[in-house]
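There are 2 protein chains.
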Amino acid sequence: MVFIKTTEPNFVAENADLVDIPVPTDPSINVIRPLHPIIRYQIDDNKVPGKTCLVILNQKINLFPRVFEKLWDNTYLRVCADGGANQLLSFVRENGLDEQKYLPKYIVGDMDSLTEETKNYYLSTGKVIVKTQSSQYATDFDKAITVCFLHFNYPNFFNDFDTLNLDDNNGLTTLKNSLDTKEFTVPLDMIFLGAIGGRFDQTIHSIGELYKHASDNLLQMRFFNTEYLEIIFLVPKGTNFIVLEKQHVDDPLCYLGLLPLNNPFIMHTKGLKYDVANYASSMTGNISSSNYNVGSNGFYVQNTDHLVVNIDLNHILGEV
Amino acid sequence: MVFIKTTEPNFVAENADLVDIPVPTDPSINVIRPLHPIIRYQIDDNKVPGKTCLVILNQKINLFPRVFEKLWDNTYLRVCADGGANQLLSFVRENGLDEQKYLPKYIVGDMDSLTEETKNYYLSTGKVIVKTQSSQYATDFDKAITVCFLHFNYPNFFNDFDTLNLDDNNGLTTLKNSLDTKEFTVPLDMIFLGAIGGRFDQTIHSIGELYKHASDNLLQMRFFNTEYLEIIFLVPKGTNFIVLEKQHVDDPLCYLGLLPLNNPFIMHTKGLKYDVANYASSMTGNISSSNYNVGSNGFYVQNTDHLVVNIDLNHILGEV
Numbered sequence: 001m002v003f004i005k006t007t008e009p010n011f012v013a014e015n016a017d018l019v020d021i022p023v024p025t026d027p028s029i030n031v032i033r034p035l036h037p038i039i040r041y042q043i044d045d046n047k048v049p050g051k052t053c054l055v056i057l058n059q060k061i062n063l064f065p066r067v068f069e070k071l072w073d074n075t076y077l078r079v080c081a082d083g084g085a086n087q088l089l090s091f092v093r094e095n096g097l098d099e100q101k102y103l104p105k106y107i108v109g110d111m112d113s114l115t116e117e118t119k120n121y122y123l124s125t126g127k128v129i130v131k132t133q134s135s136q137y138a139t140d141f142d143k144a145i146t147v148c149f150l151h152f153n154y155p156n157f158f159n160d161f162d163t164l165n166l167d168d169n170n171g172l173t174t175l176k177n178s179l180d181t182k183e184f185t186v187p188l189d190m191i192f193l194g195a196i197g198g199r200f201d202q203t204i205h206s207i208g209e210l211y212k213h214a215s216d217n218l219l220q221m222r223f224f225n226t227e228y229l230e231i232i233f234l235v236p237k238g239t240n241f242i243v244l245e246k247q248h249v250d251d252p253l254c255y256l257g258l259l260p261l262n263n264p265f266i267m268h269t270k271g272l273k274y275d276v277a278n279y280a281s282s283m284t285g286n287i288s289s290s291n292y293n294v295g296s297n298g299f300y301v302q303n304t305d306h307l308v309v310n311i312d313l314n315h316i317l318g319e320v
Numbered sequence: 001m002v003f004i005k006t007t008e009p010n011f012v013a014e015n016a017d018l019v020d021i022p023v024p025t026d027p028s029i030n031v032i033r034p035l036h037p038i039i040r041y042q043i044d045d046n047k048v049p050g051k052t053c054l055v056i057l058n059q060k061i062n063l064f065p066r067v068f069e070k071l072w073d074n075t076y077l078r079v080c081a082d083g084g085a086n087q088l089l090s091f092v093r094e095n096g097l098d099e100q101k102y103l104p105k106y107i108v109g110d111m112d113s114l115t116e117e118t119k120n121y122y123l124s125t126g127k128v129i130v131k132t133q134s135s136q137y138a139t140d141f142d143k144a145i146t147v148c149f150l151h152f153n154y155p156n157f158f159n160d161f162d163t164l165n166l167d168d169n170n171g172l173t174t175l176k177n178s179l180d181t182k183e184f185t186v187p188l189d190m191i192f193l194g195a196i197g198g199r200f201d202q203t204i205h206s207i208g209e210l211y212k213h214a215s216d217n218l219l220q221m222r223f224f225n226t227e228y229l230e231i232i233f234l235v236p237k238g239t240n241f242i243v244l245e246k247q248h249v250d251d252p253l254c255y256l257g258l259l260p261l262n263n264p265f266i267m268h269t270k271g272l273k274y275d276v277a278n279y280a281s282s283m284t285g286n287i288s289s290s291n292y293n294v295g296s297n298g299f300y301v302q303n304t305d306h307l308v309v310n311i312d313l314n315h316i317l318g319e320v
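Here's what the structure looks like:
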């Protein structure tokens, strides 16, 4: 047991700015690497949880081009949800990037935002599938997840797309539901741009998606806030280790929060500037904010229910 | 009873874009005017819930100058929390505004962010009280609320400030706690800039403040998101009417959300594009987002627990 031994409720202890903590090898501990693929680890089963996909939602891409390029280059598949394609095209043109390089594989959604100009541009390349899915029983967010699942799990999905004759209402979901779920062998590691930092109800809707998919072993999601450079993800109930190697994140200004956005929970941590034990967290009580990592390789958190973590990236994205 | 009569769970009905709904006169209904003081109502007890204060927190003020001027002109008292004063001074100078006009009455906080230059500038005017409060048992957010309470409830607080000899740790709180709470007769209506839209843990910490103060009859708070023009506030458990007069808000693009950021709740509405009945809302279930007002004077919401509402202001701030 790595945590502080005390029965005192809401115990807080301040640590030095560097504490030696190796990445655990105990397989019962859930290891999360939130900085992948910003920092690209060796691709093996232990370190990368699945095929990393980039999904661009309909919100202005407010990133340094070099950060965007890193996200693009280090992902296997890029998908635009509806008007996200407008945002991608604007970003590429405004920053003078190579238009032939930054082509998504799919554009999917109910297409209430995609402009004719964007649509025609991407169709003219002959390399992008544009698929309307009108159903209002799923969001564009969900539709992007579905197309990523099918891309990696349905044989020759991209090449044979036209022969599948999927309907324009909810053909993608119908195809996915027709598959034996045991066939899904490729877990997805999904990075979203535009899920956080716009209108507040959309931000909270995105956070709801994290909780709804919390028990899905084949799907891990992270949100990249482009309005304030940070990464946001869910930490499941249980014992977790969040990898933040000092070689990458040696800056106390990488502030982070451990947020009780669904049920209240009790939390223990090891490796933060302000470690806690028996810490009762809820929206009407304690909310752990403005903390930071001091573990040489990251920190532990043990929590009785799912929580959401955000980590400030402003001070590291100049270096990696 | 104005709500849809049905026992069906999670019932949703689509309305026309204009439904005639007067502001209720039944005193058991809690009437909220979220657009005050952007739209300045006649100042009488029925319409303005208390003295309106503007608090500037330490986040870049990303507003059109004319919107900022409106907020400033329509509030009684302006307070900067710590580095919020740096942000105010930068904003005033960058936009060429009148430096002598935009002086806060108080700057308060632990002063870990206030620069010497800003401090000296405001002190040199002879019109601003700069008060360090080092205690880490309250946030700068709380300290700003305390100074506003004292300003309106302690006789001659501003003029006699120096004679009070308040200590630099938590003198303000000590003074407030020494008062008979029955003496507080002036309720506060507080508008915060910089509480929402920056780092996500700070946004959620601010939302927690809404819930913590939900039962405080002498304090109403609204957050003005300056990163995405919108207003965010708490709607208490019970039957509420949110005033959004069509004359001011005749735009379906004023999207809004009704958000379950603490406990799950059951909700009924009347006057929204998509009215609901027996609607179970939670972070792992339904989250009402991307809805909008169609009531001629606003909409009703009846909810079994507190919820948080955000209203997009992008499409009205050009007109008011």
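Residue numbers (UniProt numbering), protein chains in the order written: chain A, 1 to 320; chain B, 1 to 320. Ideal Cβ placement from N, Cα and C applies to all residues, glycine included. Keep in mind the model is a prediction, meaning the values are calculated, not measured.
Taking the CA atoms as reference points, Cys53 (chain B) sits about 26 Å from Phe299 (chain B).
Around Tyr228 (chain A), the beta-carbon contacts reaching into chain B at under 7 Å are Gly198, Arg199. Counting only Cβ-Cβ distances below 9 Å, Ser290 (chain B) has contacts in chain A at Arg199, Asp201, Gln202, His205, in chain order. When the alpha-carbon of Ala16 (chain B) is set against those of B:Gly271, B:Asp305, B:Asn314, the nearest one is in B:Gly271.
Annotation for Leu256 (chain B): no alpha helix (DSSP H) segment contains it, though the beta strand (DSSP E) segment containing it runs 256–259.
For Phe224 (chain A), the beta-bridge partners assigned by DSSP are A:Leu193, A:Ile231. Per the DSSP secondary-structure output, Val19 (chain B) pairs in a beta bridge with B:Gly295. For Thr115 (chain B), the nearest beta carbon of chain A is not closer than 8 Å to its own beta carbon.
When secondary structure is reduced to three states using DSSP, Asp160 (chain A) falls in the coil class, being assigned neither helix nor strand.
Against Lys237 (chain A), chain B offers no close residue; the least beta-carbon distance is about 13 Å (beta-carbon pairs closer than 8 Å). The beta-carbon of Asn262 (chain B) is placed less than 8 Å from the nearest beta-carbon of chain A. The three-state secondary structure of Lys273 (chain A), taken from DSSP, is coil. With contacts defined by Cβ atoms closer than 8 Å, Pro65 (chain B) and Leu88 (chain B) do not form a contacting pair. Taking C-beta atoms as the reference points, Gly208 (chain B) and Met283 (chain A) count as a pair closer than 8 Å. Taking 8 Å as the CB threshold, Leu256 (chain B) lines the interface with chain A. Phe158 (chain B) counts as exposed, since fewer than 16 other C-beta atoms from the protein chains shown sit within 10 angstroms of its C-beta. Within its own chain, the residues whose Cβ lies closer than 6 Å to the Cβ of Tyr106 (chain B), once the five positions on either side in sequence are excluded, are Val79, Ile129, Val147, listed in chain order. Under DSSP, the beta-bridge partners assigned to Ile107 (chain B) are B:Cys80, B:Val130.
With a threshold of 8 Å between beta carbons, Met111 (chain B) makes no contact with chain A. Your pair Leu307 (chain A) and Val235 (chain A) checks out as a contact, with CB atoms roughly 5 Å apart and the cut at 8 Å.
In this structure Leu63 (chain B) is buried. Its beta-carbon is surrounded by 16 or more other beta-carbon atoms within 10 angstroms. In terms of beta-carbon proximity, Leu313 (chain B) stays away from the interface with chain A, with every pair separated by 8 Å or more.
The beta carbon of Leu97 (chain B) sits closer than 7 Å to the beta carbons of Pro65 from its chain, once the five residues preceding and following it are set aside; these are given in chain order. In the displayed model, Leu313 (chain A) falls within coil according to three-state DSSP, outside both helix and strand.
Inter-residue distance for Tyr154 (chain A) and Thr185 (chain A) is about 10 Å (C-alpha atoms, whole angstroms). Listed in chain order, the non-local C-beta contacts of Lys143 (chain A) below 7 Å within the same chain comprise Ala81, Val108, Gly109, Gln133, Leu172, local neighbours out to five positions each way being set aside. In the pairwise beta carbon analysis, the region 215–230 of chain B is classified as touching the region 194–203 of chain B: at least three pairs are separated by under 8 Å. For the C-beta of Thr269 (chain A), not a single chain B residue is nearer than 8 Å; the gap to the nearest is close to 14 Å. Put simply, the CB of Asn86 (chain A) is far from chain B, with every gap to its CB atoms at 8 Å or more. In the structure shown, Ser28 (chain A) adopts coil according to DSSP, grouped into three states.
At a cut-off of 8 Å, the C-beta of Met283 (chain B) has a neighbouring C-beta in chain A. If you ignore the 5 residues before and after Asn169 (chain A), its C-beta comes within less than 8 Å of the C-beta of Gln133, Ser134, Ser135, all in its own chain and listed in chain order.
Lys237 (chain A) places its beta carbon 8 Å or farther from that of Asp189 (chain A). The distance from the Cβ of Asp275 (chain A) to that of Ile4 (chain A) is about 6 Å, consistent with a contact at the 8 Å cut-off.
Against chain A, the beta carbon of Lys212 (chain B) has neighbours under 9 Å at Met283, Thr284, Gly285, listed in chain order. Around the C-beta of Arg33 (chain B), 16 or more other C-beta atoms lie within 10 Å, and the residue is accordingly described as buried.
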